[in-house]
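One structure is given here, and the rest of the page talks about it.
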Amino acid sequence: MGLRICSSTTKFLLLSVAMMTIISSWAATFSGNETDHFALMEIKRQISDDPHGFLNSWNNSIHHCHWRGITCDARHQRVTTLNLQGQSLFGSISPSLGNLSFLKSIEFGENKFYAEIPPEIGRLFRLRNLNLSENTLTGHVPINLSYCSELVTVNFRDNGFTGQILEEFGSLKNLVFLNLGGNNFTGNIPSSLGNLSLLNDLSLGLNNLEGHLPEELGNLINLSTFSVSQNFLSGNFPNALFNISTLKVISITKNSFRGNLPDDIGLKMPNIQILYVCANDFFGTIPNSLMNATKLRILCLTANKFQGKVPRNLRNYLPNLQVLAVGDNLLGGDLAFISSLINCSRLQVLDLSYNNFEGELPRKIGNLSSLLEQFMMEVNKISGEIPLEIGNLKNLYLLSMYENSFSGTIPSNFGGFQSLQALNLAQNRFSGLIPSAIYNISSLYSLKLQKNFLEGTIPLSLGACRNLRELDLSHNKITGNINETIFGSSFTPISLDLSHNSLIGSLPIEIGSLKQISIFNISYNNFSDKIPATIGCSSLEYLNMEGNSFQGSIPHTLASLKGIQYLDLSQNQLTGEIPRDLEKLLFLKYINLSFNDLEGEVPSNGVFGNASLVSLEGNSKLCGGIAEIGLHSCIVGKKENIKLLVIILLPVLLIVILFSALLLLVYPRRDRRNRQSFIPPIGDKFISVSYLELYRITKGFSQENLIGSGGFGSVYKGVLNQHGDRIVAVKVLDLQKNGASTSFKAECRALRNIRHRNLVSMVTYCSSIDREGQEFKALVYEFMQNGSLEKWLYPDQAHERKWPRSLSLIHRLNIAIDVATAVNYLHNQTQVPIVHCDLKPSNILLDSDLTAHVCDFGLARLLLKSTENSSSQEMSNTLAVRGTIGYTAPGKLLF
């Protein structure tokens with residue numbers, strides 16, 4: 001009986017324990033579900049813009065496991081995958097993400113998330129995949145990320161992260177994929193990355209990394225992709241990396257690595273497919289063993305110091321080769337190796353330019369791959385005639401052979417290149433006629449044949465070249481007239497150079513139909529008659545008509561060339577006066593009117609106000625102008641006229657003097673305002689940039705590059721190449737708005753002579769004509785990565801910007817000190833005190849280190865110091881209330 005009771009008691013206890021376990025499991029599941037639900041709702045709340053309505057299903061009507069982008073595990077119904085990939089979502093990443101404790105995969109790529117990664121992400125100890133690529137995240141990567149010890153994939157490509165690469169990445173032993181490219185990481189590459197024995201892909205390109213590559217990277221025996229391109233790395237490239245047999249991609253272009261390629265590189269790297277070592281300091285010869293790398297698709301060795309010959313045994317070894325680029329080295333010898341490329345049936349790009357190759361092109365060039373698209377051999381010593389077999393390369397769209405010693409005629413079968421977009425045969429010894437078939441290539445954009453011995457006339461078929469934008473036939477033996485039908489609606493060049501030929505006749509008035517032309521050069525021909533008045537194309541920036549026989553007066557319509565920067569009418573037979581309106585051409589940097597027969601007074605303003613920008617010699621009848629030009633006064637040598645003037649004007653002058661004396665007696669003397677003459681908007685330290693350059697770097701002022709807009713215009717992001725690939729902010733003024741032009745002058749006046757670490761630095765400017773012929777003004781500033789202070793203080797009001805939303809007390813204090821320092825400089829340390837007149841959070845920008853820079857001097861005033869002759873009216877005008885009328889900064893304080 002006792003045993004039965006014991007047995008019953010045991011069963012009851014076991015059943016109770018089981019029930020408690022089930023109830024506990026249910027409770028945990030319910031609690032976990034609730035936690036996940038609240039965390040997801042908080043993540044949604046932090047997303048302020050959902051253009052595709054992706055998060056519409058995230059509501060209380062259905063269980064969160066059924067929301068779009070959510071995957072839950074079957075047992076616990078806990079969130080394991082959060083996939084918001086490619087939805088253009090705008091917002092910050094909520095710290096509540098750290099509460100999704102079962103999360104294994106985060107896919108946030110291709111969105112517009114901004115601010116920093118919340119450190120709470122370190123709680124996700126089950127996380128295996130983290131993809132935040134192609135967003136605008138900033139700040140340092142949180143060190144807590146190293147707590148996610150299960151991570152296999154980390155992709156932070158194309159963001160704005162700063163600071164150094166975490167040493168702690170080396171502790172993520174399961175890491176297979178690490179991509180930190182396209183950010184602003186600085187410092188050295190940590191040697192701890194060499195501990196990641198499972199790593200397959202390491203991509204660190206497009207950053208600001210420096211120093212040497214750690215030798216420990218040679219321990220990554222499973223590495224397939226290694227990319228550190230476009231950094232500031234230097235030193236010898238570790239040979240240990242060339243010994244990793246699993247490597248398929250090496251991309252180290254645009255650094256300062258030195259050394260040579262190992263002789264056995266092709267044997268030790270049998271799987272290599274892409275070898276990018278361009279733009280470094282490698283030297284020595286190209287190893288023959290590369291021909292054993294049969295999987296090689298891209299071999300780019302350009303811009304190094306390789307010498308010797310290109311290996312010739314390519315025929316049977318590189319069947320997959322698509323790109324062979326060895327340009328800009330010290331290679332030489334003949335071109336026999338081209339014959340060994342005929343079995344490279346996938347070859348698309350062949351670059352041999354800027355070397356010392358010599359001899360003739362082999363006829364087997366016509367047996368190269370029918371897929372060949374780009375063939376570059378410029379700046380070598382190649383001679384002889386071009387073999388007709390080259391016409392077999394039907395898919396060429398770029399053929400560049402300039403600056404060699406080619407001779408003979410241009411093959412007529414060039415007309416068969418129906419995909420050709422750019423043909424450059426300049427600076428050779430070609431003779432004979434230009435094949436008319438070339439002008440029938442409908443896709444041709446650029447044709448450069450200058451500095452040869454070509455003959456004949458300009459064919460009428462040129463008028464049908466609807467896509468031709470660049471044509472240079474200069475320095476040849478072209479003869480005949482320019483037929484007016486050439487300048488029709490189809491032929492609309494941007495650059496046209498016919499200089500140094502033997503063209504005759506008059507310039508057709510139809511030249512005025514070239515509405516898009518920017519460069520027009522017909523110097524040193526035999527043109528005669530008058531310069532057509534229709535030449536006033538608003539887009540023209542460079543006009544050279546030097547060394548012809550043009551007659552008559554200078555057309556007044558030249559003053560309508562609002563964007564002209566260079567004008568040369570020298571060595572002609574022009575007569576009459578210099579049109580005074582030419583001094584109104586604000587962007588004219590040089591004018592040459594020398595050796596004509598001009599007469600009368602030289603203007604004194606505009607370009608004529610700087611003797612170094614004007615050439616007038618050989619015009620004996622000119623007079624006046626500024627003293628530095630050295631012409632005699634317009635009344636010197638005219639004694640009879642002087643006597644006549646004295647006789648006529650003396651009585652008048654006496655009457656004026658007497659009348660003035662009476663006025664002084666009758667009316668009280670009034671103080672005169674000291675009028676400040678207009679200060680030239682730009683100092684000599686700035687080099688202006690053209691409208692076309694700004695149009696290019698901002699992708700046509702596209703919405704994609706738009707940073708923001710203000711009272712007088714919009715601001716775009718771009719990379720200015722002529723200033724060293726510098727990231728800039730381009731402020732384009734809307735000149736239709738009242739005060740915009742005044743704002744441009746005021747900002748230039750304020751910024752031209754000041755320099756301070758807490759003021760936004762102006763890089764350059766543009767004052768030109770746009771594609772529609774309208775006036776265009778823009779200011780180019782240093783780009784501030786962290787946007788305006790307003791976007792930090794009031795993030796809910798800033799959907800267009802992508803900046804973090806919180807500032808520490810230390811940051812706020814430093815910003816206040818920065819602004820105060822800038823204001824003190826403007827008020828007390830400049831030669832003429834400057835009053836900003838519009839200081840507010842939106843006019844304070846923050847750089848990558850959160851250093852504050854005061855910007856927008858469109859309403860600034862130069863504060864003239866009071867003198868004894870200064871009236872109270874003058875001072876009141878200078879100190880008048882300016883800025884944003886009725887504006888009061890929002891209630892939230894900096895502290």
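The letter at position 815 of the sequence shown is residue 815 when you use the UniProt record's numbering, and the numbering goes up by one with no holes. Heads up, the beta-carbon is just placed ideally off N, CA and C, and yes, glycines get one too.
From the DSSP secondary-structure annotation, give me the bridge partner or partners of residue i.
i, result
"Gln831", "DSSP lists no partner for Gln831."
"Lys477", "Glu455"
"Ile274", "Val249, Ile298"
"His853", "Leu845"
"Ser788", "Leu845"
"Ser502", "Thr479"
"Asp818", "Paired residues: none, contrary to the question."
"Glu210", "Phe232"
"Val154", "Leu130, Leu178"
DSSP state of residue i, grouped into three classes?
i, result
"Arg429", "strand"
"Arg673", "Per-residue confidence for Arg673 stands at a pLDDT of 32, beneath the threshold of 50, marking its modelled position as unreliable; no derived number is given."
"Lys44", "helix"
"Lys745", "helix"
"Asn573", "Sequence inspection shows Gln at residue 573; the Asn mentioned does not correspond to that position. DSSP places Gln573 in strand when its eight states are reduced to three."
"Asn738", "coil"
"Met291", "helix"
"Ser542", "Rather than Ser, the amino acid found at residue 542 in this sequence is Tyr. Looking at Tyr542 - three-state DSSP - the assignment turns out to be strand."
"Arg68", "coil"
"Arg861", "strand"
"Thr162", "coil"
"Thr29", "Residue confidence for Thr29 is low, a pLDDT of 43 falling below 50, so the modelled location carries little weight; the figure read from the coordinates is stated next. Of the three classes helix, strand and coil, the one that applies to Thr29 here is helix, per DSSP."
"Val323", "strand"
"Lys268", "helix"
"Trp803", "Note that Trp803 has pLDDT 47, beneath the 50 cutoff, so the model's placement of it is unreliable and no number is given."
"Val607", "helix"
"Arg363", "helix"
"Asn548", "coil"
"Tyr695", "helix"
"Gln77", "coil"
"Asn59", "coil"
"Val728", "strand"
"Gln703", "helix"
"Ser871", "With a pLDDT of only 40 at Ser871, under the threshold of 50, the placement of this residue in the model should not be trusted; the figure read from the coordinates follows. Correct three-state label for Ser871: coil."
"Ile106", "strand"
"Lys305", "strand"
Closest by CA to residue i, which one among the options?
i, options, result
"Gly259", "Leu498, Lys731, Val277, Gly773", "Val277"
"Ala533", "Phe550, Asn828, Leu558, His66", "Leu558"
"Val79", "Ser92, Leu89, Ile62, Thr35", "Thr35"
"Asn356", "Ser369, Lys364, Asp334, Ile342", "Asp334"
"Leu447", "Leu454, Gly432, Gln421, Thr457", "Gln421"
"Leu423", "Glu403, Glu360, Leu449, Leu193", "Leu449"
"Asn596", "Asn610, Glu577, Leu425, Gln573", "Gln573"
"Asn304", "Asp770, Cys72, Thr285, Asn828", "Thr285"
"Leu462", "Pro493, Leu241, Glu455", "Pro493"
"residue 917", "Ile265, Leu172, Asn60, Ala750", "Residue 917 falls outside the range modelled here, since the chain spans only 1 to 895, and no answer is possible."
"Phe161", "Leu862, Leu471, Asp847", "Asp847"
"Leu275", "Lys309, Ser234, Ser229", "Ser229"
"Asn525", "Asn481, Leu471, Lys515, Ile511", "Asn481"
"Thr253", "Gly53, Ser227, Pro238", "Ser227"
"Phe102", "Gly408, Ile143, Asn33", "Asn33"
"Leu145", "Arg123, Ser709, Leu372", "Arg123"
"Lys451", "Arg466, Arg429, Pro435", "Arg429"
"residue 897", "His37, Gly266, Asn83", "Residue 897 lies beyond the range of the chain shown here (1 to 895); nothing can be said about it."
"Phe375", "Gly384, Leu361, Glu385", "Leu361"
State the CB to CB distance for the pair residue i and residue j, rounded to an integer number of angstroms; the pair is presumed to be in contact (CB under 8 Å).
i, j, result
"Pro459", "Tyr439", "6 Å"
"Leu694", "Ala778", "6 Å"
"Leu540", "Ile564", "6 Å"
"Leu498", "Leu473", "6 Å"
Exercise. Can at least three beta-carbon pairs, one atom from the segment 763-770 and one from the segment 720-740, be found at a separation below 8 Å?
Worked result: yes
Exercise. Should the segment 543-552 be called in touch with the segment 522-533, which here means at least 3 C-beta pairs below 8 Å?
Worked result: yes
Problem set entry | Cβ contact check for the segment 149-167 and the segment 175-194: 3 or more pairs under 8 Å | yes
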